[in-house]
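The opening position of the sequence shown corresponds to residue 5 in the numbering used here, with each subsequent residue numbered one higher.
Beta carbons: idealized from backbone N, C-alpha and C, even for Gly.
Bear in mind that the values here come from a model prediction, so they are computed numbers and not experimental data.
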Amino acid sequence: MKLRKLLILLILFSTGSYAQHNSLYSQYYFSGILINPAYAGSQNALNFTSIYRNQWTGIEGSPKNLSIGIHSPLKNNKVNAGLVFLNSKYGLSSVTSVMGIYAYRLPLGKGSLSFGLQGGIQSSKNNWSQIETTDGNDPVFTSPATREISGIAGFGMYYKAEKFFLGLSSPTMYNSKKSFQFSYSPILLSGGVLIQAGNSVVFKPSALIKYIKGSPIGTDISTVLYFKEIIGIGVGYRTKDAIYAFVDLKLNEQFSAGYCYDYTTSHLKRYSNGSHEFMLRYLFSYKLNTKNPRYF
Numbered sequence: 005m006k007l008r009k010l011l012i013l014l015i016l017f018s019t020g021s022y023a024q025h026n027s028l029y030s031q032y033y034f035s036g037i038l039i040n041p042a043y044a045g046s047q048n049a050l051n052f053t054s055i056y057r058n059q060w061t062g063i064e065g066s067p068k069n070l071s072i073g074i075h076s077p078l079k080n081n082k083v084n085a086g087l088v089f090l091n092s093k094y095g096l097s098s099v100t101s102v103m104g105i106y107a108y109r110l111p112l113g114k115g116s117l118s119f120g121l122q123g124g125i126q127s128s129k130n131n132w133s134q135i136e137t138t139d140g141n142d143p144v145f146t147s148p149a150t151r152e153i154s155g156i157a158g159f160g161m162y163y164k165a166e167k168f169f170l171g172l173s174s175p176t177m178y179n180s181k182k183s184f185q186f187s188y189s190p191i192l193l194s195g196g197v198l199i200q201a202g203n204s205v206v207f208k209p210s211a212l213i214k215y216i217k218g219s220p221i222g223t224d225i226s227t228v229l230y231f232k233e234i235i236g237i238g239v240g241y242r243t244k245d246a247i248y249a250f251v252d253l254k255l256n257e258q259f260s261a262g263y264c265y266d267y268t269t270s271h272l273k274r275y276s277n278g279s280h281e282f283m284l285r286y287l288f289s290y291k292l293n294t295k296n297p298r299y300f
């Protein structure tokens, strides 16, 4: 078998696992709305964040993912709304999702507790005709691309204080096509703290734990040091997948940019040159009572 065909088979196998277990971004903490709808409006500002990820570079057909998240509080400070667009392409397949978000926030102790719901549609496309086969007349691999549409929904809870946050969510709790191969219902637990390490240095450790029935529990642990609220440098580890390093640069009071490099630690490291991830974030406006929009 040619190396190209071997890699295609590897991608088909790996991306099935990727879709179910590793569809999160390394820089998810800059766009919490990607993993928890209750995060919407938590920065008391209209927030636009986009992340692009090129996974496992060097492998033909490797995953490429784009996310766009927009969210904001409404006039009633307790009500928040958002919109998420996700697009993933890997191997012969692509998946696109669009979800609307509603979150309700209540004061609790020294912080606030939010409850969020999201719902939308997911479209998947498989272009089987791109597979190279020994039999050029096989009807399975000469037919037009197949497409499926399904409804999806999820929920979340998010508590945020001045120097602490904790979230519990299931972003895709429901899928109207249970037989659909990318259907999954991960439960995510996330949390982090802020530690003042000096007059101009802030230390932020955080963790994300992912549980899927029938699968090993996955853990993503990271830490970042912010210097004078201008630049953040951090490292992280994702179990059985990668170690990564990232930088977050505050270009002005409202615009930030980030880059992350993942070094693959799984069996794919023999074929992969690692993963690259780019982030852009813009906060359109602030309220006077905003606390730590930079970090949380």
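Mapping DSSP to helix, strand and coil, what is G95?
Residue state, collapsed to three classes: coil.
Can you grab the Cα-Cα spacing for the pair A261 / P67, in whole Å?
Rounded to the nearest angstrom, the two C-alpha atoms are 22 Å apart.
Specify, as a first and last residue, the run of the beta strand (DSSP E) that A165 falls within.
Looking at the DSSP string, the run of the beta strand (DSSP E) that includes A165 is T150 to A165.
Could you check what DSSP says for T288 in three-state terms: helix, strand or coil?
Checking the displayed sequence, the identity of residue 288 turns out to be Phe instead of Thr. In this structure, F288 counts as coil in the three-state DSSP scheme.
Assign I62 to one of three DSSP states: helix, strand, or coil.
Note that residue 62 is Gly in the sequence shown here, rather than Ile. If DSSP states are grouped into helix, strand and coil, G62 belongs with coil.
What residues are listed by DSSP as bridge partners for I235?
Answer is F231 and L253.
Starting from the C-beta of L192, find all residues in its chain whose C-beta is less than 6 Å away, skip the five residues before and the five after it, and write them out in chain order.
These residues qualify, in order along the chain: I39, S173 and K214.
So is S279 buried or exposed if we call it buried at 16+ other beta carbons inside 10 Å?
Result: buried.
Could you give the C-beta distance for I63 and G86, rounded to a whole number, given that I count them as a contact under 8 Å?
Not quite, the Cβ-Cβ distance comes to about 33 Å (not below 8 Å), so this is no contact.
Using the C-alpha atoms, what's the distance from T61 back to S276?
The alpha-carbon atoms of S276 and T61 are separated by roughly 6 Å.
Taking the straight line between their C-alpha atoms, what separation do you get for S187 and L28?
Caution applies to S187, whose pLDDT of 46 falls short of 50 and renders its modelled position unreliable; the value that the coordinates give is listed next. So the alpha carbons of these two residues sit roughly 15 Å apart.
Identify, in the order they occur along the chain, each residue of the same chain with its Cβ nearer than 7 Å to the Cβ of Y4, setting aside the five sequence neighbours on each side.
In this structure the chain extends from 5 to 300, so residue 4 is not present and cannot be described.
So who's on the other strand from S194, going by DSSP bridges?
Bridge partners of S194: G171 and L212.
How would you call F169, buried or exposed, if buried means at least 16 neighbouring beta carbons within 10 angstroms?
Buried: at least 16 other Cβ atoms inside 10 Å.
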